[in-house]
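J.: In terms of my numbering, the sequence shown is residues -8 to 361. Ideal placement from N, C-alpha and C gives every residue a C-beta, glycine not left out. None of these values were measured; they are calculated from a predicted model.
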Amino acid sequence: MKSQKINIILIIIISIFSGLLAGFFGCLLFLISKTINIPFAGNLEKYLPKREITIKTQEKITVNRDVLIEESVNELKKEIVKIVFTKKKSEKVTDNIYLEKEILGSGFILTNDGWIISTEAVISNFQKDYSILTEDNKLYPVEKIIKDDFTGVVFLKISASDLAVVNLSDKEGITSGQEILIFDKNANLFISFLSKLKYCPLKEKTDLIRSAEKFCEFLLLDKELDDNFYGSALINLSKGFIGIVGKDNQIIPSYYFRNLINQVLKNGKIERPYLGIDYIDLSSVALGELGDVSQPNLANGKGVLVYQLAKDSPAIKAGLEKDDIILKINNDAVNHKISFQELMQDYKKGDILELSVLRLGKEMIIELKL
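1) Should L211 be flagged as near chain D, meaning a C-beta pair shorter than 8 angstroms?
2) Grab me the residues of D303's own chain with a C-beta within less than 6 angstroms of its C-beta, minus the 5 sequence neighbours each way, in chain order.
3) Residues in its own chain within less than 8 angstroms of E358 by CB, not counting five upstream and five downstream?
4) Hey, how far is the Cα of E66 from the Cα of E204?
5) Roughly how many angstroms separate the alpha carbons of I242 and I165, rounded to a whole number?
6) State the DSSP-derived secondary structure class of A155, mapped to helix, strand or coil.
7) What are the partner residues of R201, as DSSP defines its beta bridges?
8) Under a three-way DSSP split, which group does S223 fall into?
9) Let me make sure I understand the geometry here. Which of K340, H327, N258, L199 has the alpha-carbon closest to that of K135?
10) With respect to the alpha helix (DSSP H) encompassing E354, which residues constitute its N-terminal and C-terminal limits?
11) My assumption, with CB atoms under 8 angstroms, is that V295 sits in contact with I316. Please give the rounded CB distance.
12) Sort V72, Y246, S229, L210 by Cα distance to Q336 and report the nearest one.
13) Return yes when the Cβ of G222 is within less than 8 angstroms of the Cβ of L154, no when it is not.
14) Pair every Cβ in the stretch 66 to 75 with every Cβ in the stretch 219 to 235, then say whether three or more of these pairs are closer than 8 angstroms.
15) Inspect the beta-carbon positions of I268 and L212 and report whether they are closer than 8 angstroms.
16) Please report how far the alpha carbon of G352 lies from the alpha carbon of D314, in whole angstroms.
17) For E280, count the other beta carbons within 10 Å of its own beta carbon; 16 or more makes it buried, fewer makes it exposed. Which is it?
18) Any contact of the stretch 137 to 155 with the stretch 85 to 94, i.e. 3+ C-beta pairs under 8 angstroms?
19) Leaving out five residues on either side along the sequence, give the residues of the same chain with a beta carbon under 7 angstroms from the beta carbon of S183.
20) Give a yes or no on whether the C-beta atoms belonging to V157 and I235 are separated by under 8 angstroms.
21) By the 10 Å Cβ neighbour count, where 16 or more other Cβ atoms means buried, how is P264 classified, buried or exposed?
22) Please report the Cβ distance between N227 and S160, rounded to the nearest whole angstrom; I am assuming they are in contact, meaning their Cβ atoms lie under 8 angstroms.
23) Kindly indicate which residue of Y131, S275, K293 has the alpha-carbon position closest to the one of D198.
24) Considering V348, what are the terminal residues of the alpha helix (DSSP H) in which it resides?
25) Near E50, what residues of its chain come up, given a Cβ to Cβ distance below 6 angstroms and the 5 sequence neighbours on each side ignored?
26) Whole-angstrom Cβ separation of G96 and I108, contact assumed at under 8 angstroms?
27) Distance, Cα to Cα, V297 vs P305?
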């Protein structure tokens, strides 16, 4: 009897507790449903994550990109030219027509009065006569050729007016991974990506030794180019010309020949400063690749190691020695961000440089006239 009473009491307690819990959660659910206003039945679609927004946004970007490319192509084709050997005029009409296979390569228009930029890969023989074909199929004979021996870039002059001109990009307009437009010599469009900046091919250890008078900081694409791209311009989606395809399909950045334009336009010639050293860029190599050298403190990856000096060069006359490390040029540090070759682009023949040099653990200043 006593046991039955206990069981009844337990049942009552459990029932009361269950009722309280049910009431609590029922009230809570009611409050939540009123606050958020989610129905217990019906279409819940508008309350679910709107994934189509992401898709629509991406589609919008794609459309804008495609429109941008299409608009760019129509405009850029007017700024790009084809280069051919000049033909002797013939009475036979078909002999005066240029076929695609006769196109040597490309170039692009620098000034509206007829200065063109191409490369030595296209203009390989200065004894030949060349002509320029514009986008509207007008033919102009080349009157003057000026070559930059450092980069292999060639400036050509034709007599013309009101030509569409390119927008040469500065260094800030060139970034790794950016999408690139490039036309081959027949004006076919290709899209690629910049995979590397300051690319210098290294096949052997001796390739680590660079000359101050030889260019070796190319741009590298994610795909290889063939001979149809000689003289072709690389263009970013802001319509900036960031480089040109040169010999061996190596791409020269625009900031390495931008500073030559004033010389070409004003003086009709190009003068590069002469330094006279071979060096190893310490920011681009591992210490183990250097072998035995007499200079300590190489592991910090800064500066360039003077490997060899040319006889009677400005470097010799200034007092530079083999195994010196050039740390700075006029207080600008030489490192992985800005290379020795880049810094030298800011100077011309006759300029005086203050070089911060590390020699056998001691830093000194050496004054050098280019």
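T.: According to the structure shown:
1) As a matter of chain content, chain D is missing from the structure shown, which is built from one protein chain.
2) Residue 303 sits at position 312 when you count from the first residue of the sequence shown. If we look at D303 and ignore the five residues flanking it on each side, it has no Cβ neighbours.
3) By one-based count along the sequence shown, residue 358 stands at place 367. So the qualifying residues of the chain are A309, I343, L344, E345, L346.
4) Position 75 of the sequence shown, counted from the first residue, corresponds to residue 66. Position 213 of the sequence shown, counted from the first residue, corresponds to residue 204. Looking at the two C-alpha atoms, the distance is approximately 36 angstroms.
5) Position 251 of the sequence shown, counted from the start, is the residue given in the question as residue 242. Position 174 of the sequence shown, counted from the start, is the residue given in the question as residue 165. Cα to Cα, I242 sits roughly 12 angstroms from I165.
6) Working through the sequence shown from its first residue, we reach residue 155 at position 164. Reduced to three states, the DSSP call for A155 is coil.
7) Here the question's residue 201 lines up with position 210 in the sequence shown. For R201, which the question treats as bridged, DSSP gives the partners Y270.
8) Numbered from 1 along the sequence shown, position 232 holds the residue referred to as residue 223. When secondary structure is reduced to three states using DSSP, S223 falls in the coil class, being assigned neither helix nor strand.
9) Within the sequence shown, numbered from 1, the residue matching residue 135 stands at position 144. When each option's Cα is compared against that of K135, the closest is N258.
10) The sequence position of residue 354 within the sequence shown is 363, counting from 1. First-last for E354: 353 to 360, but that is the beta strand (DSSP E), not the alpha helix (DSSP H).
11) The count along the sequence shown starts at 1 and reaches residue 295 at position 304. The count along the sequence shown starts at 1 and reaches residue 316 at position 325. Right, the Cβ-Cβ distance comes to about 7 angstroms (below 8 angstroms), so this counts as a contact.
12) As a working note, residue 336 is residue 345 in the sequence shown. Comparing Cα positions, the closest option is Y246.
13) In the sequence shown, residue 154 corresponds to position 163, counting from 1. In the sequence shown, residue 222 corresponds to position 231, counting from 1. In this structure, G222 does not lie closer than 8 angstroms to L154 by Cβ.
14) In short, these stretches touch, since the Cβ pair count reaches three.
15) The residue given as residue 268 occupies position 277 in the sequence shown. The residue given as residue 212 occupies position 221 in the sequence shown. No; because the gap between Cβ atoms is not below 8 angstroms, this pair is not in contact.
16) Taking the first residue of the sequence shown as 1, we reach residue 352 at position 361. Taking the first residue of the sequence shown as 1, we reach residue 314 at position 323. About 11 angstroms.
17) Here the question's residue 280 lines up with position 289 in the sequence shown. At E280 the pLDDT is 48, less than 50, meaning the model places this residue with poor confidence; the figure from the coordinates comes in the next sentence. The residue is exposed, with fewer than 16 neighbouring Cβ atoms inside 10 Å.
18) No, they do not touch.
19) For the purposes of this step, residue 183 is taken as residue 192 along the sequence shown, with counting starting at 1. These residues qualify, in order along the chain: I171, I173, L212, D213, K214.
20) For the purposes of this step, residue 157 is taken as residue 166 along the sequence shown, with counting starting at 1. For the purposes of this step, residue 235 is taken as residue 244 along the sequence shown, with counting starting at 1. No.
21) Locating residue 264 in the sequence shown gives position 273, counting from the first residue. Buried: at least 16 other Cβ atoms inside 10 Å.
22) For this step, residue 227 is matched to residue 236 along the sequence shown. For this step, residue 160 is matched to residue 169 along the sequence shown. Between N227 and S160 the beta-carbon gap is near 6 angstroms, inside 8 angstroms, which marks them as a contact.
23) Here the question's residue 198 lines up with position 207 in the sequence shown. It is S275.
24) Sequence index remark: in the sequence shown, residue 348 carries index 357 (1-based). Segment 343 to 350 is the beta strand (DSSP E) holding V348; no alpha helix (DSSP H) there.
25) Here residue 50 refers to the residue found at position 59 when the sequence shown is read from its first residue. Only weak support exists for where E50 lies, its pLDDT of 44 falling under 50; the coordinates are left without a value.
26) Against the sequence shown, residue 96 aligns to sequence position 105. Against the sequence shown, residue 108 aligns to sequence position 117. So it is not a contact: roughly 12 angstroms between Cβ atoms.
27) Position 306 of the sequence shown, counting from 1, holds the residue named residue 297. Position 314 of the sequence shown, counting from 1, holds the residue named residue 305. When rounded, the distance between both Cα atoms is 14 angstroms.
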